[in-house]
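Report on one structure; see the data block that follows.
In our numbering, the protein residues as written are 339 to 475.
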């Protein structure tokens, strides 16, 4: 699994703020790790909540956790990384793996956050340049 350093932790915190799960406005008991898209909270970390939420007539999502991971991606990463649960540690591991796959870890480590955001904008709808809300959530 990908190691967390201070720069990577800060990037993860930025993602949580951007996704709206840990920004001081969204109710949470665990820094956004317990948020379902739309604002509901969950308490069982044994697996992804797998709740399909209708956000508008054309948009439904299963986003959950601090980084609003979709259930279909959770299933793939859980297997790939050998994760046992949807705990905060597992959620961080998946987010870091996604960042790694986009080639953004070295950018984060050297402080090139703008470029790292650009690389990751196709993963997180809240990032500048994403432009895919209505298509992929």
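All residues carry an ideal CB built from backbone N, CA and C; glycine is no exception.
Item                                                                                              : Value
The beta strand (DSSP E) enclosing residue 394, as first and last residue numbers                 : 391–394
Run of the beta strand (DSSP E) containing residue 464, from where it starts to where it stops    : Where residue 464 is concerned, there is no enclosing beta strand (DSSP E), given that its DSSP letter is neither H nor E.
Local conformation of residue 398 per DSSP, three classes                                         : strand
Cβ contact check for the stretch 441–458 and the stretch 370–389: 3 or more pairs under 8 Å       : no
At least three beta-carbon pairs within less than 8 Å, the stretch 440–447 to the stretch 382–397 : no
Residue 354 to residue 405 span [Cα, whole Å]                                                     : 6 Å
Range of the contiguous alpha helix (DSSP H) that encloses residue 415                            : 409–419
Exposed unless 16 or more other CB atoms sit within 10 angstroms - verdict on residue 348         : exposed
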